[in-house]
Amino acid sequence: MLADFLQNTLDGLSAGASYALLALGFTLIFGVLRRANLSFGPSIMFGAYCATWAHVNFGASLLLLALITVSGAVLAGAYVERLCFAPHRGGSAIAAMVASFALWMQFEELATLVMPRHLYAFPMLYEGDPLSLGPLTLRVDTLAMLAAALAACALLWWTLYRTRFGLAVRALIEQPAAAALAGINVPWVFMRVFALASALGGIAGYLVVATHGQITPMLGMWATLKGLLAMMLGGLGSLPGAVIGGLALGLIEAHTQWYLGPQLRDLVAYLLLFVLLAARVPWMTTRSAS
Amino acid sequence: MNFLSVQDIVTAYGKIEALRGVSLEVAEGAITCLLGPNGAGKTTLMLTLAGILRPKRGSIRFAGEEIAGRAPHAIVARGVALVPENRLVFPAMTVAENLQAGAYHRRDKATVRSDMEGMFARFPRLKERAAQQAGTLSGGEQQMLAVARALMSRPKLLLMDEPSLGLAPLVVEEIFRIVAELHRDGTTIFLVEQNAHMALKVAQHFYLMEQGRVTFSGDPGSLAEDEVIQRAYLGSVQR
Numbered sequence: 000m001l002a003d004f005l006q007n008t009l010d011g012l013s014a015g016a017s018y019a020l021l022a023l024g025f026t027l028i029f030g031v032l033r034r035a036n037l038s039f040g041p042s043i044m045f046g047a048y049c050a051t052w053a054h055v056n057f058g059a060s061l062l063l064l065a066l067i068t069v070s071g072a073v074l075a076g077a078y079v080e081r082l083c084f085a086p087h088r089g090g091s092a093i094a095a096m097v098a099s100f101a102l103w104m105q106f107e108e109l110a111t112l113v114m115p116r117h118l119y120a121f122p123m124l125y126e127g128d129p130l131s132l133g134p135l136t137l138r139v140d141t142l143a144m145l146a147a148a149l150a151a152c153a154l155l156w157w158t159l160y161r162t163r164f165g166l167a168v169r170a171l172i173e174q175p176a177a178a179a180l181a182g183i184n185v186p187w188v189f190m191r192v193f194a195l196a197s198a199l200g201g202i203a204g205y206l207v208v209a210t211h212g213q214i215t216p217m218l219g220m221w222a223t224l225k226g227l228l229a230m231m232l233g234g235l236g237s238l239p240g241a242v243i244g245g246l247a248l249g250l251i252e253a254h255t256q257w258y259l260g261p262q263l264r265d266l267v268a269y270l271l272l273f274v275l276l277a278a279r280v281p282w283m284t285t286r287s288a289s
Numbered sequence: 000m001n002f003l004s005v006q007d008i009v010t011a012y013g014k015i016e017a018l019r020g021v022s023l024e025v026a027e028g029a030i031t032c033l034l035g036p037n038g039a040g041k042t043t044l045m046l047t048l049a050g051i052l053r054p055k056r057g058s059i060r061f062a063g064e065e066i067a068g069r070a071p072h073a074i075v076a077r078g079v080a081l082v083p084e085n086r087l088v089f090p091a092m093t094v095a096e097n098l099q100a101g102a103y104h105r106r107d108k109a110t111v112r113s114d115m116e117g118m119f120a121r122f123p124r125l126k127e128r129a130a131q132q133a134g135t136l137s138g139g140e141q142q143m144l145a146v147a148r149a150l151m152s153r154p155k156l157l158l159m160d161e162p163s164l165g166l167a168p169l170v171v172e173e174i175f176r177i178v179a180e181l182h183r184d185g186t187t188i189f190l191v192e193q194n195a196h197m198a199l200k201v202a203q204h205f206y207l208m209e210q211g212r213v214t215f216s217g218d219p220g221s222l223a224e225d226e227v228i229q230r231a232y233l234g235s236v237q238r
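Residue numbers (numbering that gives the first Met the number 0), protein chains in the order written: chain G, 0 to 289; chain Z, 0 to 238.
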């Protein structure tokens, strides 16, 4: 019993760590631009498909695949920013969101056009036997995913709280007009935030496909949904909230799957979000992001 | 010598023109004050000068260079800083981080640090609260912080939009004491104020603005204070 619980908790935390990265990417963009970027997941999918394409055609190495995924996601993110968000900076939030939905479709179409099969194999991060620790089985790749996600969170924290760029990002999240008046080059910071968020998403995307060993065009929708859900669970626009929301989502999914069955896995998380929104818990209505 | 020269500036929100051809001059080293009733366009003018709003037409020359329509960060880099209406400090950032943000465009770390010490000497209350979140400060302290943050960019021209707004009389006096001090130290100041009485005491020159236009320009002695105050609060049209 206890062993099952611990095993689920561990599995949940590893999945949750990648959700946390996705939520952090979403939160950065939402916090700085006050806009939801629906194309966030599809940008990641684009990066992962670039890597898959390189793997199928040239058999690139693991590290190279990770690099291609991240740079592909950053490139796609920059494209989304230029096309959807830069033109609507001071204007309509809805227009930007709808435009980002259009690009979502574009990325999916492009992916299925260039690589028409529904499913492609992706090289596994680790293919050896899992480690055993008493009654627990520890998959090496999920542990690596947990460690990499935590390292990325730490690096992000350092960037935001210890660098000049981080100061600008926080200023922009808190008080956009005053940030411009303080001499911060706002459009330039927007671009870099998009790149940073896409890179975080690219890392999460790579970890997820490399632990599952396969990729489909659904990765885009999957990443957008998980990221949005985790961000909302943790409270819109809060960076620590994004981490907590991501980990909580992972734990909820792992435990639900074990105790209530896989059919209810997604439902319980949505139900919880519904209850939290309906009850208007305090942290979900705060807008501060630090 | 005219430091800032505004010629026929028109700024509109959609189709509504808030500034309908404003022209004025700010002399180097002086305190110039802009008075006028609510809705006259004073804040719109300040936001246009700082680059937050883009004018439809007209010219803004600062130290001989055209700055109309430039991005806010480029204007700050040229030496024009605005202390915005309602202060707009960064609430979840510490007082020290607020000051660092004000020096964002400067790359000279050592002088930024010594300037920060200078701010702490000028505003001892900010020093006591350096590690505190700016949102926890009182209104007066936040105003000091907003002024100090703007000064951290080493402005040649300091624009101030209603620095006394919503503050207790004692705090207002302190703010004006600081304005006079900055003036003594050689900073050029262009001040928007509702408190005409205090503003006329420190200013060398003032403008009256009504309905998007400058309607009077003179020295504080050139018009009876009662008359100025009446026109500043009520406008001349309503009489």
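C-beta atoms are modelled at their ideal positions from N, C-alpha and C, and glycine is treated no differently.
- Distance between A198(G) and S4(Z), taken at the CA atoms: about 46 Å.
- Burial is judged here by how many other beta carbons sit within 10 angstroms of a residue's own beta carbon; A39(Z) has at least 16 and is buried.
- Chain order gives the chain G residues near R148(Z) as A181, where near means a beta carbon separation below 7 Å.
- By the C-beta density criterion, I93(G) is exposed, having fewer than 16 other C-beta atoms within 10 angstroms.
- At a beta-carbon threshold of 9 Å, the residues of chain Z lying near A170(G) are F89, M92, E96, N97, A100 and Y103, ordered along the chain.
- In the three-state reduction of the DSSP assignment, R19(Z) falls in the strand class, which pools E and B.
- Against chain G, the CB of S113(Z) has no partner CB under 7 Å away; the residue lies outside that interface.
- Looking only at V9(Z), I59(Z), N194(Z) and E140(Z), the smallest Cα-Cα distance to N1(Z) is reached by I59(Z).
- In this structure, V94(Z) and L125(Z) form a Cβ contact; the two beta carbons are roughly 5 Å apart against a cut-off of 8 Å.
- Per DSSP, T43(Z) is not a residue of any beta strand (DSSP E); the alpha helix (DSSP H) it occupies stretches across K41 to L48.
- For L5(G), the enclosing alpha helix (DSSP H) starts and ends at L1 to L32.
- Chain order gives the chain G residues near I51(Z) as A176, A179 and L180, where near means a beta carbon separation below 9 Å.
- When 9 Å is used as the limit between beta carbons, L81(Z) is near these residues of chain G: L180, in chain order.
- Residue burial annotation: I8(Z) is buried, with at least 16 other C-beta atoms found within 10 angstroms of its C-beta.
- Rounded to whole angstroms, A19(G) and A26(Z) show a C-alpha spacing of 55 Å.
- Remark: C-beta atoms of S152(Z) and V75(Z) approach each other more closely than 7 Å.
- Contacts with chain Z at 7 Å (Cβ-Cβ) include E173(G).
- Close to chain Z, meaning a Cβ-Cβ distance shorter than 8 Å, are the following residues of the region 140-173 of chain G: R163, L166, A167, R169, A170 and E173.
- Under DSSP, S137(Z) shares a beta bridge with no residue.
- Taking a beta-carbon distance threshold of 7 Å, P154(Z) does not count as an interface residue toward chain G.
- A Cβ-Cβ distance of about 6 Å is found for the pair A80(Z) and L157(Z), placing them in contact under the 8 Å criterion.
- Non-local beta-carbon contacts of G134(Z) in its own chain, meaning distances under 8 Å to residues more than five positions away in sequence, involve V88, P90 and A91 in chain order.
- The criterion of a C-beta distance shorter than 7 Å is satisfied by D160(Z) and V191(Z).
- In this structure, the beta-carbon distance from L18(Z) to T10(Z) falls below 7 Å.
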